[in-house]
Amino acid sequence: MSAAPPLDPASDPLFAPALAWSGYLRRRLQAYPELTSWLAGHARQPVDRAALARWRDELAAGAGHPASGNTPAGADAAAGPVLPVAACRAVLRQLRERVFCTLIVRDLAGLAPLEEVVGAMTGLADLAIAAAYRSVAADLAETHGIPVDPATGKPQEMLIMGMGKLGGGELNVSSDIDLVMLYGEEGETPGPRKLSYHEFYGRLTQRMMPVLSEMDAHGHVFRTDLRLRPDGDGSPLAWSLDAFELYLVGQGREWERYAWLKARAIPAQAFAGSDSEAQLRQMESLRIPFVYRKYFDFDALAALRALRERIRLDWQRRALGRNGMDSALNIKLGDGGIREIEFVVQLSQLIRGGRMPALRDRGLLAALHAQRDAGILPAADAERLEAAYRFLRRTEHALQYREDEQTHLLPADPEPRAALARALGMSPEDFERSLAAHRAFVADTFRNAFGMAGMEEAGAGTASRPEPGADMESALIDQIHELFGEQGPELAARATSLLGSHRVRSLPETSRRRLETLLPAAVQAAARTEAPAAATVRLFDLIEQVAQRSAYLALLAEYPDTLARVARMMAASPWAAQYLTQHPLLLDSLIDWRTLFEPLDFQQVGGQLAADLDTCVLPDGSADVERQMNLMRDVQRQASFQLLAQDLEGELTVEKLADQLSALADMLLAETIRRVWPLVNRQPGAEPHFAVVAYGKLGGKELGYSSDLDLVFLFDDPREDAPEIYAKLGRRMTSWLSTMTSSGRLYEVDLRLRPDGDAGLLAVSVEAFTEYQRKHAWSWEHQALTRARYAAGDAAVGARFEGVRRDILLAPRDVAALRADVRAMRDKISAGHPNTTGKFDVKHDRGGMVDVEFVTQYLVLTQAAAHPVLVENLGNITLLRLAAEAGLLEPDLAARAGDAYRTLRRVQHAMRLQGQEKARVAPDALSSERAAVTALWDKVLGDPAAAGDNAAGA
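Next up, the structure:
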C-alpha cells in the first residue's frame with residue numbers, strides 16, 4: 001500500500017507555492033483545521049465532476065441529509081439529495097470552499113491544466129445551480145403545486161440558461177455567473193394557493209439567487225447576474241419561450257447575439273417524471289438563427305467593435321474613479337487581454353457560423369481549433385493565440401487565488417509582481433517577457449481582425465470624398481466628374497440610377513447611411529484600377545445587388561482593403577464581376593488576401609465540409625437536406641472563387657486550374673454519395689457499392705468554372721433490389737447536384753453518355769456496362785471512353801470500370817472503318833456549331849481544339865493495343881508526346897501541335913473571363929497554331945490516299 005498523505009500542508013512541498021502566494025488560503029487553513037486535514041488528503045487528485053458529486057454527498061450526509069432515500073422517485077439520482085434551502089446554502093458554500101482551495105494548491109503546483117480548473121468551476125456552478133433550483137422548487141411546490149405542461153401533462157421544469165463563460169464551460173475561479181430563466185407554456189399551478197406560471201417561476205428565480213450569492217461565514221457560492229435576460233433589470237425574472245421568441249424577433253440587439261453565442265441549458269431536474277426535451281429543442285431553434293445568420297454576417301463586426309469599445313471605456317471610467325488605476329494592468333480588458341482573444345474568435349463565429357456550423361463550439365479553445373481546421377486562422381496564429389489565452393487565464397486565476405477576488409489587475413509594484421511570477425513558477429524576467437510578447441501578438445491580431453489597421457490603401461486618392469448626409473448625390477456626381485472626365489456623364493447617370501432604384505430607396509436609415517459612406521469610397525477604389533470606368537459600373541451593379549443585405553454593405557464599408565480588392569477584380573474580368581455579383585457571399589474570401597492565394601487543400605476543405613454537414617440536423621435529429629445542399633453550393637463557390645483570384649493574378653496555368661476544378665468536383669461528388677445514400681437505403685448497415693464515372697471535361701480533368709458534368713453511374717452489388725436502389729440513388733444524386741436552391745445550382749449534370757443514352761437505365765451494373773461497350777457501343781462512345789475515368793464512390797467498383805475501359809481500348813479495330821466514323825463525327829460537330837462571322841472559333845473550327853481531341857482519341861483507339869501507355873487518361877498534350885515517343889508521330893509535329901493546343905485553351909479561357917461566350921478571334925490570328933493543328937489532322941486523319949501509309953493509320 002502507498003503511504004498515507006501528510007496531515008500538515010505547511011510541511012508538504014506540494015502546498016508551498018499556494019501558501020506563499022494566497023493569503024486567502026492561509027487564513028482558511030488557520031481558521032478551519034478540518035479543512036486543512038481534508039485538503040491534505042485530496043489535493044493530489046484531479047477535481048472532476050465525479051469528485052464534486054462525492055464531496056457534495058459527503059457534506060450533505062454530514063449535515064444529516066444522506067443521498068440515499070432522499071431523492072424523489074423518477075428524479076435524477078446523480079443530482080444528489082433534495083436539501084432544505086438552509087442546508088443547501090451551507091453545503092454549497094462548504095463545497096465551493098473545498099473546490100477553490102484544492103484548485104489553488106493544484107494549479108500553483110503545476111498539477112492542474114487549464115481544462116481542469118475551468119472544468120471544475122463550471123461543474124461546480126452546474127451542480128450548485130441544480131441543487132439550489134431543486135431545493136427552492138420543492139419548497140414552492142409544497143405550497144403552490146407543481147406546474148404542468150398543458151400539452152403533455154408532465155411536470156414542467158424551468159429552463160436555466162448559463163451564459164458567457166458558464167455556457168462555454170470555462171468559468172474562472174472567482175467568476176460571476178450569468179443566468180437567464182425561461183419556461184415553456186403558460187398556465188396555473190394546481191396547489192391550494194394557485195400561482196400563474198409567470199409568478200411561480202419568477203418567485204423561484206428570486207429565491208434561488210440568495211442561495212447562490214449571499215455571503216456568510218463560508219463566503220458565497222457564485223455571484224449571480226440576471227441582467228442578460230430580455231430588457232435587463234426592468235423585466236420579469238423569468239420569461240416564457242413564446243415571449244422570448246417575440247423579443248428576439250422584434251427587439252433582439254446585435255450585442256445580444258454575442259451574449260447568446262455561448263448560452264447552454266444547465267442540466268437541472270426538480271420534478272420527477274418531467275421531460276424538457278421539447279422545450280430545449282424549441283430554445284435552440286430560437287437561439288441558433290438569432291445568433292448565426294444565414295449569410296456571412298459582417299454587421300457583427302461593427303457591433304462587436306462597438307461592444308468592445310463600450311467595455312473598454314466603462315473600464316477606464318471605473319479605473320479613473322479608483323485613483324487613476326492604469327488600465328494597462330488589466331489582463332482581461334486591456335490591450336492584448338483575454339477579451340480581445342475572445343472577440344477575435346467569436347467574431348469569426350458570428351460572421352461565418354451561419355454557413356459553417358462546425359464553428360459553433362461554445363468553448364473558446366474548441367472554437368479556435370475549429371477555425372484553425374477550417375483554414376480561417378493560420379495554424380501558427382491559432383497556436384500563438386491559444387498559448388496567449390492559456391498564459392493569461394492562468395495569470396488571471398493566480399490573481400484571483402490571492403484573496404478570492406474577481407480581479408484581473410496585475411500588481412503595479414515590483415515586489416508583488418515578482419511574487420506573482422514566482423507563484424506561476426517563473427522568474428520575474430521570464431514572466432514579463434512572456435506577458436509582453438503574448439499581449440503584443442493578441443493586440444496586433446485583434447486590430448487586424450477588426451479592421452483597425454491597413455486602412456491606407458483604400459484611403460488614398462486625389463479626389464475629395466463627400467461626407468454622408470444631405471445632398472450626398474450631388475457631391476457623388478461631382479466626385480465622379482472630377483475623377484473620370486469625359487466618361488463622367490455616363491457614370492454619373494449610372495450612379496443616379498443606382499440611388500433611385502427600389503432596392504436603395506427602400507433601405508432602412510442605418511443601411512442608407514452606410515451606403516452613403518460606401519459609394520464615394522467605391523468610386524475612389526475603382527478610379528485606382530487599370531479599367532476605372534468599367535470597374536465603377538460593375539461595382540455599382542454589385543452594390544445594387546447587395547443593397548438589401550446590410551451584412552454585405554457592412555463588409556465593404558468596414559473593410560476598405562476588401563473594397564479595393566473587389567474593385568481590382570471588377571476591372572480585371574467582366575466574367576469575374578458577374579460571378580461575384582451573383583454570389584456576393586464570396587466577398588468574405590477577399591478579407592484575408594494572403595489566404596486567398598494559398599493552394600487549395602482538398603483534404604482540409606473536404607474534412608471541414610463533412611464536419612459542417614454533420615451539424616446540419618433538424619430538431620428530430622434527421623439531416624437538414626436543404627441546409628446541406630446550400631452548404632455544398634457555398635463551399636463550391638468559395639473554392640472556385642479562390643481559384644479565380646489566383647487565376648486573375650496569373651498564379652495558375654490553364655492546365656493547373658482545370659486540375660483543381662476537377663479535383664473539387666470529385667470531392668463534391670464523393671460527399672454527395674455519402675449524404676444521399678442514407679436517404680435512399682433502407683438496409684441497415686449497408687454501404688453503397690456504387691461509383692461515379694466522369695466523361696468529357698471532368699473525365700479529362702479539363703473542367704472550367706461553369707462546365708457541366710458528364711456522368712455515368714455504375715454499381716456492382718448482389719442485393720436483390722440493386723437496380724432499383726441504385727437508380728434511386730442516381731436520381732437523388734442528380735437532383736442534389738442540379739436543383740436550384742437559394743444558394744444556386746451545384747453543377748449541371750448530363751447523363752446521356754450512359755448505355756443507350758436517354759433511353760437507358762439511370763444506373764447500370766458493371767456487367768451490363770461491359771456487355772454494352774463490347775457489343776453495342778458506337779465508335780463515338782469509344783471515343784468518349786478515352787476521356788472517361790473513375791471519379792468518386794466505391795473504389796472497388798471504380799477499379800472494375802477502369803479494367804473494362806482498358807480492355808475496350810486495347811481491343812482490335814477496323815482502322816479504316818474507325819477513321820471514317822471519326823471523320824464523320826467531326827463533320828457532324830462542325831455542322832452543329834456553324835460559324836458565319838468570318839472569325840476563327842478556337843474550339844470548333846477546323847484547326848481548332850476539337851481537331852486535336854479527335855486525333856488523340858483516334859490514336860488511342862487504333863494504337864493502344866501496340867502501345868498500352870496510350871490507354872492512360874493523361875490529357876491530349878501528354879498523349880501526343882507519348883505518341884511521338886512511340887514513333888507514331890514526328891516529334892516536332894507532336895510538340896508543335898501540343899503547344900498549339902495549350903495556346904488555344906489559354907486563349908479560350910482568357911476570352912471567357914472577358915465575358916465572351918464563344919472564343920472567336922480575327923481570321924489571321926493564331927495562324928501558326930492553326931497550321932500546326934491542321935498538319936496534325938492531315939497526318940493522322942486526312943485523306944488516306946493523300947496521307948499515305950502512315951503509322952497512325954496502319
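Anchor point for the sequence shown: position 218 equals 218 in full-length UniProt numbering, and the numbering is continuous, going up by one each time. By construction, the Cβ of each residue, glycine as well, lies at the ideal position given by its N, Cα and C atoms.
Nearest residue (CA-CA) to residue i, options the options
i	options	result
valine 523	Pro508, Ile543, Arg352	Ile543
leucine 399	Lys262, Asp478, Ser175	Ser175
residue 956	Arg565, Asp361, Gln908	Since the first and last residues shown for the chain are 1 and 954, residue 956 lies out of range.
arginine 49	Glu116, Leu108, Cys101	Glu116
valine 173	Gln406, Trp38, Ser285	Gln406
alanine 645	Thr562, Glu720, Ala610	Thr562
glutamate 530	Ser573, Leu609, Ser497, Gly488	Ser573
proline 13	Val105, Ala51, Arg96	Val105
arginine 281	Val605, Gly234, Leu159	Leu159
alanine 727	Ala763, Lys697, Leu698	Ala763
alanine 886	Val860, Asp899, Arg896, Ala897	Val860
arginine 568	Ser589, Ala527, Ser830, Ala87	Ala527
leucine 555	Thr581, Thr536, Arg514, Tyr579	Arg514
tryptophan 593	Ala449, Gln582, Gln545	Ala449
Residues that DSSP places opposite residue i in a beta bridge
i	result
isoleucine 160	Met181
phenylalanine 715	Phe690, Ser765
valine 566	Answer is none; valine 566 lacks a bridge partner.
alanine 265	Met161
aspartate 588	Partner(s): none; aspartate 588 has no beta bridge.
phenylalanine 188	Here the sequence assigns glutamate to residue 188, which means phenylalanine is not the residue at that position. Answer is Ser196.
Burial state of residue i (16 or more Cβ within 10 Å)
i	result
serine 550	buried
glycine 459	Per-residue confidence for glycine 459 stands at a pLDDT of 38, beneath the threshold of 50, marking its modelled position as unreliable; no derived number is given.
glycine 848	buried
alanine 18	buried
leucine 124	buried
arginine 565	buried
threonine 862	buried
aspartate 666	buried
threonine 395	buried
serine 11	exposed
threonine 786	buried
histidine 833	exposed
serine 274	buried
glutamate 702	buried
glutamate 853	buried
aspartate 404	buried
Proximity of residue i and residue j at Cβ, strictly below 9 Å
i	j	result
residue 976	aspartate 708	Nothing about residue 976 can be reported from this structure: the residues present for the chain run from 1 to 954 only.
leucine 333	arginine 339	yes
alanine 423	alanine 20	yes
glutamate 577	aspartate 634	Going by the sequence as given, residue 577 is alanine instead of glutamate. Cβ atoms of alanine 577 and aspartate 634: not closer than 9 Å.
valine 85	arginine 207	yes
leucine 880	alanine 894	yes
tryptophan 937	valine 855	yes
leucine 941	arginine 826	yes
leucine 304	phenylalanine 343	yes
leucine 83	isoleucine 129	no
leucine 668	leucine 580	no
Any non-hydrogen atom of the ligand ADP within 8 Å of residue i CB
i	result
leucine 762	This structure lacks the ligand ADP; in fact it carries no ligand of any kind.
Check whether the stretch 591-606 and the stretch 694-709 are in contact - that is, three or more C-beta pairs closer than 8 Å.
no
State whether the stretch 377-392 contacts the stretch 634-646, with contact taken as three or more CB pairs (one from each stretch) at a distance under 8 Å.
no
Say whether the stretch 765-779 touches the stretch 829-849, bearing in mind that this needs 3 or more beta-carbon pairs closer than 8 Å, one atom from each stretch.
no
Taking three-plus beta-carbon pairs below 8 Å as touching, is the stretch 283-292 in contact with the stretch 349-357?
yes
Contact between the stretch 223-234 and the stretch 264-274: three or more CB pairs below 8 Å?
no
Do three or more CB pairs link the stretch 106-113 to the stretch 145-163 at distances below 8 Å?
no
Touching by the beta-carbon criterion (3+ pairs, under 8 Å), the stretch 709-716 and the stretch 679-691:
yes
Please confirm if the stretch 131-138 is in contact with the stretch 182-190, defined as three or more CB-CB distances below 8 Å between the two stretches.
no
Measuring CB atoms only, is the stretch 894-913 touching the stretch 925-932, in the sense that at least three cross pairs come out at less than 8 Å?
yes
Determine, using beta-carbon pairs with one atom in the stretch 907-919 and one in the stretch 871-889, whether at least three such pairs fall under 8 Å.
no
Does the stretch 722-735 come close enough to the stretch 672-683 that 3 or more CB-CB pairs lie under 8 Å?
yes
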